[in-house]
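Chains as they are written, first to last, in the working numbering: chain A, 2 to 350; chain B, 2 to 350; chain C, 2 to 350; chain D, 2 to 350.
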């Protein structure tokens with residue numbers, strides 16, 4: 002395996018981290034050389050995650066304390082950060098300075114504007130200068146920049162499901178940006194593996210509820226990216242809901258079509274935008290995606306319907322919040338950064 | 002029990018019918034004198050629904066074939082119809098003619114306009130004349146008419162959750178009707194107890210999907226009632242989703258507030274509208290309802306948030322699709338029709 | 002409500018406590034005069050448990066700090082303890098000394114032998130003398146003693162489901178005690194409302210696992226009660242499993258039938274034992290219970306099958322772990338203690 | 002892909018069939034040349050199973066009518082049968098006669114004794130002579146025979162989970178065969194994709210129930226294989242339960258240890274038996290498996306505990322009922338039959 006790229010994951014104790022490890026353990030072109038976690042330091046991967054027993058590296062690789070020098074000494078070429086926001090930048094900054102390439106699954110470098118970061122995350126950004134060099138890790142939109150990136154800010158789970166259906170339509174000015182209304186539903190793994198009674202089985206099972214209304218933190222990056230596509234600031238309505246599934250996000254987006262726009266224009270724009278995107282599955286007009294078809298994969302499924310009564314478009318998208326919404330999307334970026342086939346290690350069904 | 006009202010349920014084999022039976026078995030002021038079902042004729046209630054074993058009437062009452070003369074002969078004063086649309090009217094019409102009072106859980110008499118019925122249900126209405134006398138069974142809005150009604154058309158599950166939050170705001174013209182966007186999520190019992198592989202456990206579990214986009218049948222009665230409140234036709238966007246819970250509906254509604262309207266106006270209108278409504282629980286501004294707090298009850302919980310960024314209102318409502326969305330709402334109408342306390346047999350938590 | 006009995010709940014912040022409050026809020030013969038909780042002191046019931054909004058007492062009754070003098074001053078005649086084991090006795094002892102009647106949902110007074118308590122709970126029993134006066138709160142077996150009891154030790158969730166099916170057979174010596182093998186499955190609410198990542202939705206959903214093998218703490222009271230019925234010590238095999246339901250316990254018990262015993266002897270013994278027990282529903286030979294028929298109720302459903310190949314009996318029982326396995330069983334004891342009808346406030350379906 | 006083996010699946014419309022297709026679409030050494038289904042004839046794989054969209058073969062391969070000549074003409078070398086029992090033999094017999102190698106996921110050829118087949122399946126066996134040549138497809142036990150087999154009868158889901166933990170202990174006579182008591186829990190996909198209201202979401206969710214007590218059909222093959230291991234007929238107690246998960250089986254087995262047998266003997270026997278078995282993960286003494294760690298894989302996880310109070314062993318095993326219990330186990334057999342690495346296409350985590 003002499004030509005394999007060495008990878009390391011910092012903070013791999015949560016759900017995104019575990020999914021990332023799962024993908025890296027099976028990735029054909031990389032070698033996992035380290036994982037860190039304060040909580041699990043000293044334990045083999047397979048002890049912490051019994052699901053990984055039987056994978057060679059899962060017995061061999063042992064969690065270590067997160068330590069900058071240790072990470073550098075590991076020989077890792079690509080470092081994934083699966084840390085809470087705020088903490089991620091503490092590692093990203095020195096790692097980039099030491100010449101490593103970083104894929105950050107946190108929110109720390111997703112926003113281009115430090116003021117927006119502060120407004121949404123309640124603290125001054127620790128390294129505003131790096132915001133300019135970080136690349137938003139949505140490969141369907143920024144593949145070229147990702148290829149050359151030193152620091153990739155991998156998108157949040159909700160944003161991916163909102164941005165991808167809308168970008169082609171905003172770019173081509175087929176829709177009216179100020180009419181965007183989004184309702185998203187997420188599985189409970191999105192809340193993380195924290196000991197919070199709100200997310201106990203008995204609290205979430207047989208339950209549906211909205212939360213973080215009206216200003217979920219992910220709104221900041223959604224509006225940033227929609228604004229880039231529209232060529233002007235975009236302000237939307239966005240409501241998130243917690244539903245009793247482990248993984249999966251379903252997003253329903255309403256947007257008014259331009260006056261003379263037909264649904265055939267939508268079809269064409271979508272197909273043109275994603276013709277070469279291996280992980281965007283356009284179900285097409287009149288089709289409804291189902292999260293059960295994407296869970297465990299890097300796919301996002303997108304369908305749409307025009308409502309003739311209102312001339313509004315209903316966009317429906319489904320993805321795995323831990324997959325295309327987090328870990329596998331990070332791996333997709335890694336594939337681009339390393340010159341691997343974009344689908345390397347990700348074509349499972 | 003000489004002063005108790007005699008009740009009978011036609012077609013009690015599905016989920017709404019079973020919930021209705023459950024409530025009638027425990028109702029303090031009525032006596033269940035019959036249930037009909039082609040499928041279960043000859044079997045005692047407790048055999049078909051083991052959950053009811055131990056209720057006196059559940060051993061005593063036996064399913065019979067649905068037969069008009071038999072129903073009349075039973076002495077029933079209130080007849081509930083828990084039948085598929087189209088079939089319900091076949092019973093409702095002659096029963097009303099014979100002087101019985103009917104509460105119909107189906108869609109057959111919910112619409113005032115036979116043409117709308119035909120547009121949404123694909124067949125001419127069998128008794129257009131009766132549409133004028135039928136009362137839409139939403140007690141929070143039509144209590145007086147329900148008290149004197151011969152035929153109550155009990156609302157659908159989704160409509161209740163959409164109409165109740167919006168009506169006070171439309172009546173007072175606090176919101177802009179043409180900006181209404183609704184996203185609803187329903188538990189799987191809403192699909193009925195039919196042998197359709199789409200609703201198998203393994204198809205619905207770990208799955209979320211939209212369906213009947215963009216024109217769910219319930220849109221017809223929603224727009225009818227919103228139009229009444231607004232004093233003018235209302236056209237909305239409405240998307241329904243299936244989520245893996247047995248019971249419960251959560252509805253998220255966006256609507257633009259009028260230019261000079263403050264959220265305090267919303268608060269006041271809501272409180273005024275529902276001050277005397279025992280089953281509408283206003284959680285108030287900034288609060289998010291959770292279906293797990295209403296399942297098994299006749300309550301609808303409503304919260305709302307104004308988004309200062311868009312001056313839109315987000316309305317959040319939760320109810321049990323089989324309860325306030327079907328069976329217990331029918332019992333609430335019966336309470337009014339019979340002069341019982343409105344909460345009779347319905348105050349469980 | 003002059004003739005109503007005053008009740009108070011100590012430690013009502015967990016799942017059993019909440020279920021108990023729910024039942025007491027609706028109980029026709031009692032008045033809830035207080036609830037205590039360190040965590041929630043100062044908040045109204047309806048704030049902590051939004052499900053209870055609309056119940057008169059839920060707005061009126063406010064959580065207070067757990068304080069002996071306050072409890073006594075409340076005028077409560079019956080005090081329920083919904084506390085962790087170990088802590089319950091700290092309240093039970095002085096409350097009994099002050100003349101109040103106590104129903105303890107914890108394990109503190111279930112065992113007659115302080116040495117067994119120490120072996121299973123890892124600490125010396127704080128009041129061994131009181132073990133003799135405490136009554137094991139299984140009304141189907143100890144109704145007379147419960148009527149006159151000062152301190153009722155309400156059984157654990159698993160024990161109820163294991164003891165009730167076996168006791169009639171052991172008493173009549175129809176089965177071979179040393180051949181008892183039990184497999185139980187419990188919903189996740191049984192693990193309590195504690196912030197333990199093991200019981201997060203994403204850890205329990207789509208998961209089944211055994212735990213506390215081979216010596217769950219409930220084994221101690223199970224064997225105690227089976228031994229009483231058999232007239233000699235009984236040692237069994239008992240394995241508990243966690244399954245992804247919120248509430249419900251299903252127990253499958255194997256036991257060899259005596260050589261000349263026929264299944265008709267089993268039928269007769271069961272019917273004789275529970276003819277007057279309103280909450281034991283004997284489904285009979287060849288029938289399988291389902292937890293969904295008992296959740297939310299105080300019923301235990303029992304079925305059984307003789308395997309002709311082995312001459313072993315398979316006993317199947319289902320109950321709500323928070324109901325007959327905890328809160329409603331406590332209320333059933335209260336009904337007996339207060340001279341109410343045994344089914345008071347408990348006949349819901 | 003000149004050196005790839007051509008495969009075809011007959012009857013791929015159910016859950017096992019879909020899982021099999023999923024594995025074959027990703028298998029590195031085979032080429033899927035056909036699938037048949039009366040129901041879906043004419044439709045591409047990706048239309049019937051939207052999850053497979055994006056897999057090259059899923060767009061290319063189209064369901065055809067199940068037709069012997071068509072199957073032969075396809076060039077398939079390995080034919081999988083994912084058909085109901087009874088129907089499978091109608092294909093297996095002529096296909097074997099025509100020289101194709103068959104892996105049958107049904108029960109038709111699992112039993113060596115046609116009389117046992119008739120006793121459990123209620124019909125005379127259609128080809129008793131072939132029972133002698135069919136190989137029971139449990140690779141951990143019959144790998145050599147599978148390598149050379151023409152007809153592999155892939156085991157049922159429950160049997161795999163019962164047989165693998167017990168065989169090493171029975172072979173070494175460490176346990177007392179007549180004391181075996183088994184309790185198994187299965188996910189609902191095990192009931193198949195049939196339109197039966199019993200398996201609707203609303204019937205299975207929040208529900209646990211035993212079924213097919215006391216003689217589930219799988220008992221026949223379990224006892225056959227345990228008898229082979231023990232060297233004498235074995236009769237066991239076996240109860241199956243339905244729990245609300247989509248996939249996964251958990252089996253808890255009790256068996257008395259021989260008088261002088263220590264748990265270290267068990268440890269040693271297990272390790273010796275499965276040292277070279279890539280899909281048996283021995284968690285070891287004191288460890289409890291969890292179905293969530295094996296779902297989607299071909300692993301079976303096994304743990305065990307000796308109960309010192311009874312000197313009985315508790316064996317705990319977990320597998321995916323559609324994986325190691327059906328489809329992936331069939332692929333494992335195929336790997337052996339074709340001389341591929343045993344883990345080919347199956348090492349996912």
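Beta carbons are placed, not taken as given, at the ideal position from N, Cα and C, and that holds for glycine.
{"Item": "The segment 32-46 of chain D: positions lying closer than 9 Å to chain A by Cβ", "Value": "none"}
{"Item": "Closest residue to residue 254(D) among 241(D), 5(D) and 263(D) (Cα-Cα distance)", "Value": "241(D)"}
{"Item": "Helix, strand or coil at residue 325(B) [DSSP, three-state]", "Value": "coil"}
{"Item": "Residue interval of the alpha helix (DSSP H) (run including residue 210(C))", "Value": "It is not in any alpha helix (DSSP H) - residue 210(C) instead sits in the beta strand (DSSP E) that spans 210-212."}
{"Item": "Buried versus exposed, by CB contacts within 10 Å (16 or more), residue 204(A)", "Value": "buried"}
{"Item": "DSSP-derived helix/strand/coil call for residue 35(A)", "Value": "strand"}
{"Item": "For residue 198(D), three-class secondary structure by DSSP", "Value": "helix"}
{"Item": "Contact set for residue 2(D): own chain, Cβ-Cβ below 8 Å, skip 5 residues either direction", "Value": "No answer about residue 2(D) holds up, because its pLDDT of 38 lies below 50 and its placement is not dependable."}
{"Item": "Limits of the unbroken alpha helix (DSSP H) element including residue 159(D)", "Value": "158-172"}
{"Item": "Nearest neighbour of residue 270(A), chosen from 172(A), 299(A) and 37(A) [CA to CA]", "Value": "172(A)"}
{"Item": "Buried/exposed call for residue 311(A), threshold 16 Cβ in 10 Å", "Value": "buried"}
{"Item": "Buried versus exposed, by CB contacts within 10 Å (16 or more), residue 134(A)", "Value": "exposed"}
{"Item": "Boundaries of the alpha helix (DSSP H) in which residue 1(A) is found, first to last residue", "Value": "Here chain A comprises residues numbered 2 to 350, so residue 1(A) is not present and cannot be evaluated."}
{"Item": "Where residue 416(C) falls, given that 16 or more other Cβ within 10 Å makes a residue buried", "Value": "Here chain C covers residues 2 to 350 and nothing more, so residue 416(C) does not appear."}
{"Item": "Counted within 10 angstroms of its Cβ, other Cβ atoms place residue 292(C) as buried (16 or more) or exposed", "Value": "buried"}
{"Item": "Unbroken stretches of the alpha helix (DSSP H), 4 residues or longer, contained in the segment 71-141 of chain A", "Value": "88-98, 115-122 and 129-132"}
{"Item": "Residues of its chain near residue 290(B), where Cβ-Cβ distance is below 7 Å and the 5 sequence neighbours each way are ignored", "Value": "284, 302, 303, 304, 317, 318 and 319"}
{"Item": "First and last residue of the uninterrupted beta strand (DSSP E) at residue 282(B)", "Value": "281-286"}
{"Item": "Chain-order list of residues whose beta-carbon lies under 6 Å from that of residue 211(A) (same chain, five-residue window excluded)", "Value": "240 and 242"}
{"Item": "Min CB distance residue 325(A) to chain B below 8 Å", "Value": "no"}
{"Item": "Among 264(A), 182(A), 6(A) and 114(A), nearest to residue 229(A) - alpha-carbon criterion", "Value": "114(A)"}
{"Item": "CB of residue 162(C) within 8 Å of CB of residue 326(C), strictly", "Value": "yes"}
{"Item": "One or two residues paired with residue 254(D) in a DSSP bridge", "Value": "183(D) and 316(D)"}
{"Item": "Member of 46(B), 49(B), 224(B) and 8(B) whose CA lies at the smallest distance from the CA of residue 74(B)", "Value": "8(B)"}
{"Item": "Under 8 Å between C-beta atoms of residue 128(A) and residue 90(A)", "Value": "yes"}
{"Item": "Short CB-CB distance (under 8 Å) between residue 92(C) and chain B", "Value": "no"}
{"Item": "For residue 1(A), the residue or residues it bridges with in DSSP", "Value": "Because chain A is modelled from 2 through 350, residue 1(A) falls outside the range shown and cannot be assessed."}
{"Item": "Helix, strand or coil at residue 341(B) [DSSP, three-state]", "Value": "coil"}
{"Item": "Of the residues 281(D), 108(D) and 138(D), the one placed nearest residue 169(D), counting alpha carbons only", "Value": "281(D)"}
{"Item": "Residue 240(D) - DSSP class collapsed to helix/strand/coil", "Value": "strand"}
{"Item": "Residue 307(D): first and last residue of the uninterrupted alpha helix (DSSP H) it sits in", "Value": "Segment 301-308 is the beta strand (DSSP E) holding residue 307(D); no alpha helix (DSSP H) there."}
{"Item": "Short Cβ contact (8 Å threshold) for residue 167(C) with residue 256(C)", "Value": "yes"}
{"Item": "Any chain C beta carbon closer than 8 Å to residue 355(D)", "Value": "The structure shown does not extend to residue 355(D), since chain D is modelled only from 2 through 350, so no value can be given for it."}
{"Item": "DSSP state of residue 357(D) mapped onto helix, strand, coil", "Value": "With chain D covering only 2 through 350, there is no way to say anything about residue 357(D)."}
{"Item": "Local conformation of residue 3(A) per DSSP, three classes", "Value": "For residue 3(A), the predicted model reports a pLDDT of 44, less than 50, meaning its position is unreliable; a value from the coordinates is still stated below. Residue 3(A) falls in the coil class under three-state DSSP."}
{"Item": "Nearest-angstrom Cα separation, counted from residue 23(B) out to residue 207(B)", "Value": "29 Å"}
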